[in-house]
Amino acid sequence: MQFGAVLQCDPPAARTVHLAKLAEVHGFSHLWTFDSHLLWQEPYVLYSQILHETKRIMVGPMVTNPATRDWTVTASLFATLNEAYGNRTICGIGRGDSAVRVGGGKPTTLDTLRESIHVIRELANSRPVEYGGSTVQFPWSVGSTLDIWVAAYGPKALALTGEVADGYILQLADLDIAEWMIASVRKAAVAAGRDPGSIKICVAAPMYIGTDRKHMRDQCRWFGGMVGNHVADIVARYGTGGEIPQALTEYIAGRASYDYNLHGRAGNVHADFVSDDIVERFCVLGTADEHIAKLRRLADLGVDQFAGYLQHDNKEETMRVYGETIIPQLRQSITATKVTA
5 MQFGAVLQCD
15 PPAARTVHLA
25 KLAEVHGFSH
35 LWTFDSHLLW
45 QEPYVLYSQI
55 LHETKRIMVG
65 PMVTNPATRD
75 WTVTASLFAT
85 LNEAYGNRTI
95 CGIGRGDSAV
105 RVGGGKPTTL
115 DTLRESIHVI
125 RELANSRPVE
135 YGGSTVQFPW
145 SVGSTLDIWV
155 AAYGPKALAL
165 TGEVADGYIL
175 QLADLDIAEW
185 MIASVRKAAV
195 AAGRDPGSIK
205 ICVAAPMYIG
215 TDRKHMRDQC
225 RWFGGMVGNH
235 VADIVARYGT
245 GGEIPQALTE
255 YIAGRASYDY
265 NLHGRAGNVH
275 ADFVSDDIVE
285 RFCVLGTADE
295 HIAKLRRLAD
305 LGVDQFAGYL
315 QHDNKEETMR
325 VYGETIIPQL
335 RQSITATKVT
345 A
């Protein structure tokens with residue numbers, strides 16, 4: 005299993021770079037950031053500095069979208085970083101949430117998302133692509149590689165992920181929901197004639213090392229509010245019955261409104277509807293042993309990477325415990341299990 009750390013691009017920029025460097029020191033393979041240019045600093049500027057000051061960690065957005073940048077600009081950003089620092093970028097992408105909604109916009113259609121993935125992937129992999137009625141290619145880009153991982157919750161988005169994505173990002177760590185969603189992606193991959201094992205699976209959720217459960221839950225309750233924005237879209241489209249797990253949809257019954265200016269932040273008052281049980285199910289909280297136990301169960305479901313959100317007051321300590329205890333133990337035990345099997 006690989007491990008990622010997920011940061012917001014809050015000022016000062018030097019703090020974000022510092023945390024990224026700590027993530028590499030503690031054995032994290034990926035450094036992800038939010039990508040909402042109105043709420044936080046521009047991530048691609050910070051990626052350049054992070055890559056300059058690190059040696060191996062991969063960087064990318066969790067997640068970008070097709071609406072806020074021209075797709076050729078997005079591809080050029082990745083291809084440029086790859087040329088400058090080696091192929092150390094990765095692209096997480098979805099239909100758009102905070103980046104578009106904070107300015108009054110709406111998420112894109114799945115057709116738009118599908119088309120954008122194709123254009124970004126081809127250009128950022130140094131290949132030509134049809135765009136705007138013309139064949140375009142970066143004449144300066146040679147040997148660039150970029151994998152595109154898609155964030156999805158709803159049935160149609162999960163199907164698209166199985167059909168076209170290099171990886172799947174599930175932004176919650178509930179075991180039952182994860183099992184259903186991973187199976188949905190794999191089923192779609194098989195239907196599309198793809199090897200389902202070729203799609204990497206990433207579970208992304210807040211990680212908090214501690215023993216004060218009330219404090220940990222309060223620090224991470226914002227996450228249920230963030231996920232609730234996507235779930236509300238799903239409920240509006242599909243209702244609360246059918247194939248969508250009730251465990252995913254039932255918790256937003258008390259959701260009233262949402263202020264994107266508090267998006268992804270501890271103390272978000274618009275996440276009060278999120279129960280303690282949901283926080284525990286969606287996040288990874290507690291002692292190192294509790295983290296290891298839950299992450300092992302996720303690994304058994306086929307999860308290739310756990311990416312931990314660090315939007316709380318215990319960033320450095322959480323990364324330290326992961327680096328000294330959790331990452332080494334899980335890598336050793338999972339490797340041993342695969343060898344035995």
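Quick note: this note's numbering has the sequence shown finishing at residue 345, numbered continuously throughout.
Note that CB positions come from ideal geometry on N, CA and C, so glycine has one too.
What do you get for residue i, buried or exposed, if any count of 16 or more other CB atoms within 10 angstroms of its CB means buried?
i, result
"V146", "exposed"
"Q336", "exposed"
"S102", "buried"
"E46", "exposed"
"Q175", "buried"
"W36", "buried"
"T322", "buried"
"H295", "buried"
"T20", "buried"
"P249", "exposed"
"Q141", "exposed"
"G3", "Because the chain spans 5 through 345 in this model, residue 3 falls outside it and cannot be assessed."
"R259", "buried"
"R131", "exposed"
Please state whether DSSP places residue i in a helix, a strand or coil.
i, result
"C95", "strand"
"K59", "coil"
"K191", "helix"
"F32", "coil"
"L289", "strand"
"L3", "With the chain represented from 5 up to 345, any question about residue 3 goes unanswered, as that position is not in the structure."
"S52", "helix"
"T37", "strand"
"Q309", "strand"
"P143", "coil"
"T20", "helix"
"T329", "helix"
"P65", "strand"
"R335", "helix"
"V231", "helix"
"H316", "coil"
"R131", "coil"
"A196", "coil"
"K280", "Per the sequence shown, the amino acid found at residue 280 is Asp instead of Lys. Helix at D280."
"E294", "helix"
"R301", "helix"
"D180", "helix"
"D237", "helix"
"A71", "coil"
When the Cα of residue i is compared with those of the options, which residue comes out closest?
i, options, result
"I121", "G271, I94, G109, V104", "I94"
"Q333", "A292, V207, N233, T322", "A292"
"N233", "Q223, A251, A275", "A275"
"R118", "I181, R73, V168, P143", "V168"
"L150", "S279, M62, E328", "M62"
"L314", "Y157, C287, R300", "C287"
"T253", "G158, H22, A17", "G158"
"N4", "D14, D280, R60", "The structure shown has nothing for residue 4, since the chain only spans 5 to 345."
"I97", "V239, G214, P111, H267", "P111"
"T215", "G290, V231, S130, P200", "G290"
"D74", "R131, T116, R190", "T116"
"P200", "F227, L162, G64, F38", "L162"
"F82", "W144, T139, E28, V106", "W144"
"G64", "A182, L50, E57", "L50"
Taking the beta strand (DSSP E) that residue i belongs to, which residues open and close that run?
i, result
"L176", "Note, L176: premise wrong, no beta strand (DSSP E); not H, not E."
"T116", "Where T116 is concerned, there is no enclosing beta strand (DSSP E), although the alpha helix (DSSP H) it sits in stretches over 114 to 128."
"A270", "A270 -> no beta strand (DSSP E), and no H or E assigned at all."
"A155", "152 to 155"
Would you give the residue range spanned by the alpha helix (DSSP H) that residue i belongs to?
i, result
"H219", "217 to 224"
"K204", "Segment 204 to 213 is the beta strand (DSSP E) holding K204; no alpha helix (DSSP H) there."
"F82", "75 to 89"
"S102", "102 to 105"
"Q6", "Here Q6 belongs to no alpha helix (DSSP H); instead the beta strand (DSSP E) covers 6 to 11."
"G136", "It is not in any alpha helix (DSSP H) - G136 carries neither H nor E in the DSSP assignment."
"Q250", "250 to 253"
"A161", "159 to 168"
"V325", "319 to 325"
Between residue i and residue j, how many whole angstroms is the CB-CB distance? I'm expecting something under 8 Å.
i, j, result
"A71", "A128", "Not a contact, Cβ separation roughly 18 Å."
"Q12", "S33", "20 Å between Cβ atoms; not a contact."
"V272", "G327", "Per the sequence presented here, residue 272 reads as Asn, with Val not at that position. Not a contact, Cβ separation roughly 28 Å."
"A297", "A208", "Between A208 and A297 the Cβ distance is about 19 Å, and since that is not below 8 Å, they are no contact."
"A196", "G171", "Contact doesn't hold; Cβ gap of about 15 Å is too wide."
"G306", "I205", "5 Å"
"L26", "E320", "7 Å"
"V213", "V325", "Looking at the sequence shown, residue 213 is not Val but Ile. Yes, I213 and V325 are in contact; Cβ-Cβ is about 5 Å, under 8 Å."
"S279", "Y242", "That pair is no contact at about 22 Å."
"S148", "N86", "4 Å"
"V67", "I152", "So it is not a contact: roughly 10 Å between Cβ atoms."
"T58", "E28", "5 Å"
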